[in-house]
Each structure stands twice: as C-alpha cells, then as structure tokens.
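Notes follow once the structure below has been shown.
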Amino acid sequence: MSNSKVVIFDFKEEDYTSLSKELHLHVERVGRLLLGPNNVHEAKRVMAGEDFAFYQEVIPGMYYSIGIRNEKIGSIHTPHSPFFILSIGAALHTTVAELYLNKHNIK
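The sequence shown begins at 785 in the working numbering and counts up one residue at a time.
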C-alpha cells in the first residue's frame, strides 16, 4: 500500500466555460496588432504530448507557438531553434496578458 497523497489544485475562481473562443480571438487580435496581419497563422492541429491539456480541463486556455518563418530568405525556424527571437515572444505574452486583464478589469 502506497503512502502517496493526492493533491488537488483548484484554479477556478468563477465559471470560465465561455472564454475559450473569446481567448482564441483575443490572442489572434493581439498577435496581428503586434506582428502584423500577415504574420499570424492558424496552425494545423497535431497530436502532441503536453500536460497543458490538464489545465484546460479546469480553465480554458490557449496554446500558441511562436517561430520564425521567412521562406524568401530561407529562414524557417521553430520555437526551439537557437535562431528564435525571444523578445518577440516576451512582448506577445506580456501584451496578451495585459490587454486581457485590462479588458476584464482584473487587477
């Protein structure tokens, strides 16, 4: 018999069930604002091994990927590439959060 304990995290402070589509549109709008409308694309869905889905069972969320792709100059890099531009990702994450919190008057 195991002595392990089950720990339950409750992230829910209110009902967030209607925010998934809203959050998707919010991230898309912010991305287009910061990066330009031609630089934001919806990716194909893939089967991946991420624990993030467990969080989304409690609070709907967004999973987006930031990479570099300029086929004209042969620069096609994924987020884990050493050529990845960290400042763009930091700016996008910060702006997504800040504008969302401001829109919903969350302090």
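From the three backbone atoms N, C-alpha and C, an ideal C-beta is built for every residue, glycine too.
Worksheet entry | Simplified DSSP assignment, three categories, for residue 865 | Here residue 865 refers to the residue found at position 81 when the sequence shown is read from its first residue. In this structure, residue 865 counts as coil in the three-state DSSP scheme.
Discussion item. Do residue 876 and residue 820 count as a contact pair if the criterion is CB distance below 8 Å?
Written reply: Mapped onto the sequence shown, residue 820 falls at position 36. Mapped onto the sequence shown, residue 876 falls at position 92. No, the pair does not count as a contact, with Cβ atoms beyond the cut-off.
Worksheet item: Going by DSSP, which residues form a beta bridge with residue 860?
Response: One-based indexing of the sequence shown puts residue 860 at position 76. In the DSSP assignment, residue 860 is bridged to 853.
Worksheet item: residue 824 and residue 806 look like a contact to me (Cβ under 8 Å); what is the Cβ gap, rounded to whole Å?
Response: In the sequence shown, residue 824 corresponds to position 40, counting from 1. In the sequence shown, residue 806 corresponds to position 22, counting from 1. At roughly 17 Å, the Cβ-Cβ gap does not stay under 8 Å, so residue 824 and residue 806 are not in contact.
Worksheet item: If you draw a straight line from the C-alpha of residue 799 to the C-alpha of residue 860, how long is it?
Response: Translated into positions along the sequence shown, residue 799 becomes position 15. Translated into positions along the sequence shown, residue 860 becomes position 76. Note that residue 799 scores 46 on pLDDT, short of 50, meaning its location in the model is unreliable and no value can be drawn from it.
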